[in-house]
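Novice: Okay, so the sequence shown: first residue is 0 according to numbering that gives the first Met the number 0, each after it adds one.
Glycine included, every Cβ here is placed at the ideal spot set by N, Cα and C.
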Amino acid sequence: MTNKDAADLLEAFADVLELRGANQFRVRAFRTASRRVDGLIVDLSELVASDSLESVPGIGKGIAGFLRELVTTGRVAEYEELRAEIPPGVFDMLRVPGLGPKTAATLYSKLEITSIDELEAAARANELAKVRSIGAKRQERLLRELQRFRERTARHLLGDVLPLAEHLAAHVRAAPGVSEATYAGSLRRMRETIGDLDILAAADDPDPVMRHFLDHEAIDEVLASGSTKSSVLVANNLQVDLLVVPPASYGAALVYFTGSKEHNIELRHRALALGLSLNEWGLDEVETQVRRPAPGEADVYVALGLPVIPPELRESRGEIAAAADGALPELIELSDIRGEFHGHSLWSDGAASIADMVQAAQAAGYAFIGITDHSGSLQVANGLSPERIRAQRDEIEQARADVSGIRVLHGSEVEILSDGALDYDDDLLAELDVVVASIHSNFNQPREAMTARLIAAIRNPHVDLIGHPTGRMLGYRDGYEFDLDAVLTAAAETGTAMEVNASPERLDLDDVMARRAKELGVPIAINSDAHRPESLVYMRYGVATARRAWLTAGDVLNTMTPEALTAWLAQPKPRRWSPHR
Ligand code: DGT
Ligand code: CA
Ligand code: CA
Ligand code: ZN
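(1) Given Phe-340, which residues of its chain have a CB within under 6 Å of its CB, disregarding the five upstream and five downstream residues?
(2) Quick one: give me the first and last residue of the beta strand (DSSP E) that Asp-372 is part of.
(3) Would you say the region 325-343 touches the region 547-566, given that touching needs at least three Cβ pairs under 8 Å?
(4) With DSSP as the reference, please indicate the residues paired to Tyr-182 in a beta bridge.
(5) Output yes or no for whether 8 Å exceeds the beta carbon distance between Leu-141 and Leu-98.
(6) Locate the alpha helix (DSSP H) running through His-341, then write down its first and last residues.
(7) Among His-409, Ile-308, Glu-68, Leu-464, whose alpha-carbon lies nearest the alpha-carbon of Ala-5?
(8) Here's a check: name, in chain order, each residue in its chain whose Cβ is nearer than 7 Å to the Cβ of Gly-134, leaving out the five neighbours to either side.
(9) What three-state label does DSSP hand Leu-591 in the structure shown?
(10) Verify the contact flag: Ile-264, CB atom, against every heavy atom of ligand 1, threshold strictly below 7 Å.
(11) If you draw a straight line from the C-alpha of Asp-204 to the C-alpha of Trp-280, how long is it?
(12) Of the choices Gln-146, Val-231, Gln-288, whose alpha-carbon is the least far from that of Ala-45?
(13) Look at the alpha carbon of Arg-154 and the alpha carbon of Ala-121, and state the distance between them as a whole number of angstroms.
(14) With DSSP run on the structure shown, which of helix, strand or coil describes His-155?
(15) Output the distance between the C-alpha atoms of Thr-450 and Arg-539, rounded to the nearest integer angstrom.
(16) Please state if the CB of Val-55 and the CB of Arg-35 are separated by a distance shorter than 8 Å.
(17) Can we say the region 22-42 touches the region 57-74, given the rule of at least three CB pairs closer than 8 Å?
(18) I need the DSSP call for Lys-3, collapsed to helix, strand or coil.
(19) Find the nearest neighbour of Ala-169 within the set Phe-148, Val-208, Ser-185, judged by alpha-carbon distance.
(20) Check Leu-277 in the structure and name its three-state DSSP category.
(21) My understanding is that Leu-519 touches Thr-488, with C-beta atoms under 8 Å, so please give their C-beta distance in whole angstroms.
(22) With which residues is Ile-525 paired in a DSSP beta bridge?
(23) For Lys-228, which beta-bridge partners are listed by DSSP?
(24) Would a C-beta distance cut-off of 8 Å place Glu-220 and Leu-237 closer than the cut-off?
(25) Where are the alpha helix (DSSP H) runs, 4 residues long or more, that stay fully inside the region 5-49, in chain order?
(26) Return yes when at least one heavy atom of ligand 6 lies under 7 Å from the C-beta of Asp-463, else no.
(27) Assign Thr-551 to one of three DSSP states: helix, strand, or coil.
(28) Assuming Ala-491 contacts Val-521 (C-beta within less than 8 Å), just tell me the rounded distance between them.
(29) In the DSSP assignment, find the beta strand (DSSP E) that holds Ala-436 and state where it starts and stops.
(30) Under a Cβ-count criterion, where at least 16 other Cβ atoms within 10 Å of its own Cβ denotes burial, should Leu-535 be classed as buried or exposed?
(31) According to DSSP, is Ile-218 part of a helix, a strand, or is it coil?
(32) With Tyr-182 and Ala-164 assumed to form a contact (beta carbons below 8 Å), what rounded beta-carbon distance in angstroms separates them?
(33) Considering just the uninterrupted stretch of the beta strand (DSSP E) at Glu-111, what are its terminal residues?
(34) Please return the same chain residues whose Cβ sits closer than 7 Å to the Cβ of Ala-293, not counting the five positions on each side in sequence.
(35) State the Cα-Cα distance for the pair Asp-14 and Arg-143, rounded to the nearest angstrom.
(36) How about Leu-303 and Leu-266: do their beta carbons lie closer than 8 Å?
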């Protein structure tokens with residue numbers, strides 16, 4: 000239970016009281032107490048232990064009792080009882096700007112509206128306008144807010160947020176008096192989707208930093224602006240929070256705001272066992288109340304007897320134990336990547352010629368690149384018939400002659416048909432340098448059939464890797480159903496690689512699945528699946544996902560030299576795989 004958690008609960012209790020039409024003074028007292036608790040430097044538990052809660056201004060007898068119960072039992076009975084009597088959807092409504100507990104109480108009691116969906120339906124049916132305390136104007140405004148709320152609460156793709164975040168962080172870094180600034184939160188952990196963007200800056204005087212930040216042209220609207228924290232909206236209703244902290248707290252704040260919340264909780268427990276209280280300002284020695292400054296993240300981790308844990312691992316998935324054992328993996332880096340296997344050209348649904356794609360790969364510093372256009376049955380993508388893919392060879396040869404210093408692999412992204420057969424016969428597949436097998440049709444097969452379909456492709460002697468193995472599209476469709484472990488086991492047995500497709504709307508396999516693949520001994524290939532030269536930059540999102548999967552360079556095919564790789568691909572299956580470095 001942190002001070003922040005307690006502050007949130009006080010606020011939530013005030014909402015419950017207000018929803019139930021409680022006395023305004025009592026409601027306000029809890030809101031004030033929430034702010035006080037949030038601003039406390041000492042841990043609430045210490046105030047409880049020393050029985051000095053009521054010495055804090057704004058905390059009277061009633062609230063002290065509330066907090067004492069919370070700290071000692073982890074819950075507050077009155078809160079839980081009152082809350083249980085209100086439908087949960089009513090609390091969701093409170094998150095819509097311009098809709099406070101009073102209005103929510105009216106909507107609930109007069110119109111029996113108990114969710115955001117019902118609220119929207121009622122507004123569209125002009126029912127809110129008829130309520131005297133609401134009216135037509137307010138109804139219209141609520142509809143607009145609802146629309147924006149839905150956009151804002153939708154999660155954003157890593158690939159959309161990261162470039163903007165780098166830009167905004169650089170802008171903040173250039174503000175007067177800023178010694179350091181970076182993005183934090185889920186983005187720094189490179190999660191596949193981002194709720195809101197958190198930016199953290201270190202400066203002694205926050206005011207000029209805030210002014211400089213709020214001046215940025217990308218900002219559409221300022222939601223809140225205080226002296227050390229502001230929240231704004233940028234394009235696509237992405238919320239950006241900027242927090243400015245003193246340089247001596249920067250490391251502690253960076254740990255805190257990078258999260259994840261679960262990682263932070265584990266760290267705090269470890270700190271307490273060492274007699275330290277970890278918070279966003281620094282590390283406090285519990286006994287002496289002396290604060291140890293933490294200007295850098297290393298100050299926090301080292302004090303806890305740990306190496307700095309890469310942000311991508313901070314998900315409470317065993318990283319703290321591994322760090323304590325000196326067993327953190329040496330994560331793959333973008334600079335380890337020597338090439339990739341899966342990309343398209345004008346021959347199927349790509350937007351550039353083979354020569355342009357190869358040139359872009361060479362400019363990216365790659366030592367090899369696979370050109371893998373779609374196969375014939377994928378007609379929507381202008382898939383290649385056996386005749387056309389054989390005819391494609393001339394242009395591949397031409398690109399090989401024209402662009403030096405890069406090995407061009409002629410391959411295919413071949414369809415895995417519904418029964419697990421492939422779109423090309425084995426003779427044709429044997430002629431190719433690299434074969435990616437993927438599913439783009441009939442996603443709704445039963446789990447057993449889909450599992451068998453994937454395993455059949457894996458067992459084909461010519462298939463080198465399975466493209467975007469689950470078929471999911473973020474924010475659009477879930478992956479198809481299949482038995483992941485059965486498929487990964489077949490891949491390990493045959494030495495067939497699984498792709499981490501780096502395209503931001505795929506990131507497939509995801510972090511958890513790719514980690515499982517590594518555990519089971521499956522080689523991993525990371526591919527941008529580029530359909531145009533500019534998309535080669537997607538590789539960074541694939542590498543980020545691989546890092547979240549605890550992968551090292553040795554776990555990934557793309558880090559091999561072209562010679563080693565060609566030798567690997569030339570081996571007949573089953574191929575034996577062990578991390579190559
Ligand atoms: P998001 O924005 O949903 O993609 O995910 P995050 O991880 O960026 O979460 P966010 O923006 O709510 O908060 C940023 C970080 O601040 C989070 O990763 C950990 C820390 N944090 C936020 N709220 C709490 C809290 O109630 N307790 C603790 N221990 N940490 C918190
Ligand atoms: Ca966030
Ligand atoms: Ca945030
Ligand atoms: Zn593809």
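Specialist: According to the data block:
(1) Listed in chain order, the non-local C-beta contacts of Phe-340 below 6 Å within the same chain comprise Gly-369, Val-433, Ala-524, Asn-526, local neighbours out to five positions each way being set aside.
(2) Asp-372 -> beta strand (DSSP E) spans 367-373.
(3) Inter-segment contact for the region 325-343 and the region 547-566 is present: three or more beta-carbon pairs are separated by less than 8 Å.
(4) Paired residues: Ile-198.
(5) With respect to the 8 Å criterion, Leu-141 and Leu-98 are classified as neighbours on the basis of their beta carbons.
(6) Neither: His-341 is in no alpha helix (DSSP H) and is coded neither H nor E.
(7) Nearest option by C-alpha distance: Glu-68.
(8) Taking Gly-134 as the centre and dropping the five residues before and after it, the same chain places the C-beta of Ala-128 closer than 7 Å to its C-beta, in chain order.
(9) Since the displayed the chain opens at 0 and closes at 580, residue 591 lies outside it and no answer follows.
(10) If you check the C-beta of Ile-264 against ligand 1, you find a heavy atom less than 7 Å away.
(11) In a straight line, the C-alpha of Asp-204 is about 16 Å away from that of Trp-280.
(12) Residue identity check: residue 45 is Glu in the sequence provided, not Ala. Taking only the C-alpha atoms, the option nearest Glu-45 is Gln-288.
(13) Each residue's Cα considered, the two are about 26 Å apart.
(14) Strand, per DSSP.
(15) When rounded, the distance between both Cα atoms is 30 Å.
(16) Yes, they are a contact pair.
(17) Contact holds: three or more Cβ-Cβ distances are below 8 Å.
(18) Lys-3 sits in a helix when the DSSP states are folded into three classes.
(19) It is Val-208.
(20) DSSP places Leu-277 in strand when its eight states are reduced to three.
(21) For Leu-519 against Thr-488, the beta-carbon gap comes to about 6 Å, under 8 Å, which counts as contact.
(22) Looking at the DSSP assignment, Ile-525 forms a beta bridge with Val-499.
(23) Paired residue(s): Leu-242.
(24) Not in contact: Glu-220 and Leu-237 (Cβ atoms no closer than 8 Å).
(25) The qualifying runs are 23-38, 43-48.
(26) What this structure holds is ligand 1, ligand 2, ligand 3 and ligand 4, not ligand 6.
(27) Strand.
(28) At roughly 5 Å, the Cβ-Cβ gap stays under 8 Å, so Ala-491 and Val-521 are in contact.
(29) That run of the beta strand (DSSP E) goes 433-437.
(30) With 16 or more other CB atoms across the displayed protein chains lying within 10 angstroms of its CB, Leu-535 is buried.
(31) Coil.
(32) Contact holds; Cβ gap of about 4 Å.
(33) Careful: Glu-111 lies outside any beta strand (DSSP E) and carries neither H nor E.
(34) Correct list, in chain order: Ser-248, Gly-250, Ala-251, Gly-281, Leu-282, Val-299.
(35) Whole-angstrom Cα-Cα distance: 23 Å.
(36) Yes. Within cutoff.
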